[in-house]
Amino acid sequence: MTEPMKAVVLARFGGTDAFELRDVPVPHVGPRQVRVRVHATALNPLDYQIRRGDYTAHVPLPAIIGHDISGVVEATGTDVTEFRAGDAVYYTPRIFGGPGSYAEQHVADVELVGRKPGNLSHLEAASLTLAGGTVWESLVTRAQLTVGETILVHGGAGGVGTIAIQVAKAMGARVITTAKAGDHEFVRSLGADTAIDYATDYVEAVAEATRGRGVDVVFDTIGGDTLTRSPLTLADAGRVVSIVDIARPQNLIDAWDKNAAYHFVFTRQNRGKLDALTTLVERGLVKPVIGATLPLARMGEAHELLENRRSYAMHGKVAIDVAGDTVDLPPRLP
Ligand SMILES: NC(=O)c1ccc[n+]([C@@H]2O[C@H](COP(=O)([O-])OP(=O)(O)OC[C@H]3O[C@@H](n4cnc5c(N)ncnc54)[C@H](OP(=O)(O)O)[C@@H]3O)[C@@H](O)[C@H]2O)c1
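To convert, note that position 206 of the sequence shown is 206 in full-length UniProt numbering; the numbers rise steadily by one, no gaps.
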């Protein structure tokens with residue numbers, strides 16, 4: 001009989017007090033699965049969207065949620081040849097496909113699991129899996145961004161945006177990004193060539209920055225009317241990739257003029273994307289950005305930080321130290 005493990009359980013849909021730290025059974029390992037000692041996880045907006053009840057049909061309660069893991073393999077199924085006990089790995093658990101990462105141990109299908117980059121801490125590696133995988137799928141697989149092209153990355157200081165800027169630069173693109181004025185120095189430090197204050201009109205600013213030509217790719221991480229307005233920033237045959245659900249019908253008539261293509265991405269999990277990211281990370285081209293760290297038992301506070309990130313001087317991800325008790329909080333903005 002295995003000892004139980006600690007997990008943060010979502011007991012009901014609601015506020016940041018909806019979590020309970022509980023002892024739960026360690027899951028069984030199937031033939032093509034690995035059991036991982038979780039060292040770190042990280043938060044994504046999907047986590048607070050689930051917590052507050054946006055996905056009730058997909059998440060039966062009580063639930064262990066969470067979508068990023070970095071840790072060490074402890075046990076392998078009978079048909080696993082890719083990894084051994086002791087290997088450091090990182091991955092995103094299958095979204096809406098069973099228990100998530102807010103726990104001391106996790107069992108995953110081996111196809112989802114990648115070798116952790118050697119030059120990252122567990123906290124950094126956990127901060128990369130879902131955001132990085134989404135960026136890879138959006139920029140490489142779908143938009144097929146190429147050397148010398150120009151991309152507009154919305155939300156450059158956020159979890160996804162910080163990685164998108166770095167991956168786009170690694171691909172040889174010119175990067176224009178939107179962020180609040182106080183974050184411009186930071187997004188430039190990641191490689192952005194031009195920063196636009198999101199409180200101003202980005203359509204005008206893009207026209208100025210590209211001398212009227214427009215960008216080849218828009219990466220929409222912010223939603224709202226971005227699908228409608230993106231063609232106004234696009235060059236001919238430009239592409240728009242959106243990772244934000246369309247909350248309302250939008251008029252795409254301006255896309256016609258530009259021969260534009262639209263891609264909608266709900267990220268899928270697989271090892272291939274992680275291996276590609278590992279290569280970029282180990283060459284020093286991409287480094288995850290952590291804006292705050294808390295231990296597993298303080299999950300409610302971690303959710304409050306991400307959900308209200310505009311009130312804090314915070315860049316990149318909120319990471320969770322599962323194996324330790326690191327506390328590193330961003331200052332509140334005046
Ligand atoms: N479809 C998928 O597979 C997928 C995968 C990952 C994420 N997502 C979605 O993508 C979105 C972004 O995720 P994330 O992890 O990057 O979130 P995040 O870490 O909370 O970052 C969001 C960033 O966007 C900035 N922002 C907010 N409003 C803006 C605006 N009008 N113009 C420009 N920037 C703005 C924020 O800046 P401030 O801090 O100044 O507000 C923040 O830096 C979320 O809606 C998430 O659910 C979807």
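Think of the CB as a built atom: it goes at the ideal place given N, C-alpha and C, for glycine as much as any other residue.
Inter-residue spacing [alpha-carbon to alpha-carbon] between residue i and residue j
i      : j      : result
Lys6   : Ala319 : 18 Å
Gln144 : Val34  : 33 Å
Asp220 : Ala164 : 11 Å
Asp236 : Arg37  : 49 Å
Asp275 : Gly53  : 33 Å
Arg22  : Leu61  : 14 Å
Leu227 : Ala85  : 46 Å
Gly114 : Ala170 : 21 Å
Leu234 : Leu130 : 27 Å
Gly172 : Glu149 : 8 Å
Leu305 : Val203 : 30 Å
Ala75  : Ala205 : 53 Å
Gly133 : Pro4   : 31 Å
Ala209 : Arg174 : 11 Å
Gly300 : Leu280 : 33 Å
Cβ neighbour criterion (16 or more within 10 Å) applied to residue i
i      : result
Ile253 : exposed
Phe266 : exposed
Ser189 : exposed
Gly14  : exposed
His28  : exposed
Leu333 : exposed
Thr162 : buried
Tyr91  : buried
Val187 : buried
Glu104 : buried
Gln250 : exposed
Asn119 : exposed
From the options, residue whose alpha carbon lies closest to that of residue i
i           : options                          : result
Val286      : Thr146, Ala168 and Gln49         : Ala168
Tyr48       : Arg32, Ala18 and Ala40           : Ala18
Ser127      : Val107, Thr233, Glu104 and Thr41 : Thr41
residue 419 : Thr134, Arg248 and Arg239        : As shown, the chain starts at 1 and ends at 334. That puts residue 419 outside it, with no answer to give.
Gly66       : His154, Ala181, Gly223 and Pro99 : Pro99
Ala157      : Gly324, Met314, Val9 and Val322  : Met314
Asp225      : Ser242, Val215 and Ala209        : Ser242
Trp136      : Asp109, Lys273 and Arg174        : Lys273
Val215      : Asp68, Gly97, Thr146 and Gly191  : Thr146
Residue i Cβ short of 7 Å to ligand 2 heavy atom set
i      : result
Lys180 : In the structure on display, ligand 2 does not appear, and the ligands it does have are ligand 1.
Residue interval of the beta strand (DSSP E) (run including residue i)
i      : result
Ser242 : Leu234 to Ser242
Glu74  : Ile69 to Thr76
Arg37  : Gln33 to Ala42
Phe19  : Phe19 to Val24
Interface flag, residue i vs chain D, CB-CB below 8 Å
i      : result
Phe266 : The displayed structure is made up of one protein chain only, and chain D is not part of it.
Endpoints, alpha helix (DSSP H) assigned at residue i
i      : result
Lys169 : Gly159 to Ala170
Tyr48  : Pro45 to Arg52
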